[in-house]
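Presented below is the structure to which this report refers.
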Amino acid sequence: MTVPKKIDDAAKAIVKRFSIKGLCDHMYICNTIAYENGMGNGCGEFNDADNEISYKTAEFIQHAYSSLIKPEDMEELFEILSTGTINPEKAKVGIKKQMQGFLNEMKYCDEWRVKYLQTCYDTAQATLLEFE
Numbered sequence: 169m170t171v172p173k174k175i176d177d178a179a180k181a182i183v184k185r186f187s188i189k190g191l192c193d194h195m196y197i198c199n200t201i202a203y204e205n206g207m208g209n210g211c212g213e214f215n216d217a218d219n220e221i222s223y224k225t226a227e228f229i230q231h232a233y234s235s236l237i238k239p240e241d242m243e244e245l246f247e248i249l250s251t252g253t254i255n256p257e258k259a260k261v262g263i264k265k266q267m268q269g270f271l272n273e274m275k276y277c278d279e280w281r282v283k284y285l286q287t288c289y290d291t292a293q294a295t296l297l298e299f300e
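Heads up: the sequence shown at position 40 corresponds to 208 in the working numbering, and the numbers run straight through without jumps.
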């Protein structure tokens, strides 16, 4: 079965909003949402259930992506999970903080990490421009 639209929309919005760049992250988030809410087995199989998304799902995803999704982003993350959409006003505030965090970390981390953070920064900046 294909990924249900409700799950796919939420995962796409999370990846976009929080500058998540990995090749498999979208599907990992889809499987996490499905498994945590009884809508799939967590291994690529989904069912027709249309259950509400639990807050526990937001906690799990925040923990898995804690370098990009901070504890103070939980309300926004849960809203994205619940609606499948990004609130542009909330996102702009969060993205600006995230970008500043990337810049701060680039000052003291290893070179390989700087390249990764620059990619995250550029992605966040492009998303921010979409909302402004």
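All C-beta atoms in this analysis are idealised placements derived from N, C-alpha and C, irrespective of residue type, glycine included. In this text the structure is predicted, and so the values were computed from the model without any measurement.
task: Would you tell me roughly how many angstroms separate the C-alpha atoms of TYR223 and GLN286, rounded to the nearest one?
output: Indexing the sequence shown from 1 puts residue 223 at position 55. Indexing the sequence shown from 1 puts residue 286 at position 118. Cα to Cα, the separation comes out at about 31 Å.
query: Going by C-alpha distance, which of CYS288, GLU244, TRP280 and GLN293 is nearest ALA181?
result: Translated into positions along the sequence shown, residue 181 becomes position 13. Per the Cα distances, GLU244.
- prompt: Is DSSP giving GLY303 helix, strand or coil here?
  reply: What is shown of the chain runs 169 to 300, which leaves residue 303 out entirely.
field: Exposure of SER187, with buried meaning 16 or more beta-carbon neighbours within 10 Å
entry: By 1-based counting over the sequence shown, the position of residue 187 is 19. Result: buried.
task: Can you have a look at ASP241 and say buried or exposed, based on whether 16 or more other CB atoms are within 10 angstroms of its CB?
output: The sequence position of residue 241 within the sequence shown is 73, counting from 1. ASP241 comes out buried.
task: Leaving out five residues on either side along the sequence, give the residues of the same chain with a beta carbon under 8 Å from the beta carbon of THR253.
output: Position 85 of the sequence shown, counted from the start, is the residue given in the question as residue 253. Residues of the same chain with a CB within less than 8 Å of the CB of THR253, apart from the 5 flanking positions on each side, are ASP177 and ALA181 in chain order.
field: C-alpha distance - THR251 paired with ASP193, whole-angstrom precision
entry: Looking up residue 251 in the sequence shown gives position 83. Looking up residue 193 in the sequence shown gives position 25. Rounded to the nearest angstrom, the two C-alpha atoms are 19 Å apart.
- prompt: With TYR284 and LEU271 assumed to form a contact (beta carbons below 8 Å), what rounded beta-carbon distance in angstroms separates them?
  reply: Here residue 284 is taken as the residue at index 116 of the sequence shown, counted from 1. Here residue 271 is taken as the residue at index 103 of the sequence shown, counted from 1. Contact flag wrong, Cβ pair sits at about 13 Å.
field: Between the CA atoms of GLU298 and ILE229 - distance to the nearest angstrom
entry: On the sequence shown, residue 229 is found 61 positions in, with the first residue counted as 1. On the sequence shown, residue 298 is found 130 positions in, with the first residue counted as 1. GLU298 has its alpha-carbon roughly 24 Å from the corresponding atom of ILE229.
- request: Can you check DSSP and say which residues form a bridge with PHE214?
  value: By one-based count along the sequence shown, residue 214 stands at place 46. PHE214 is bridged to GLY208.
- request: Pull up the distance between the alpha-carbon of PHE214 and that of ALA179, whole angstroms please.
  value: For the purposes of this step, residue 214 is taken as the residue at position 46 of the sequence shown. For the purposes of this step, residue 179 is taken as the residue at position 11 of the sequence shown. A direct Cα-Cα distance of roughly 14 Å separates PHE214 from ALA179.
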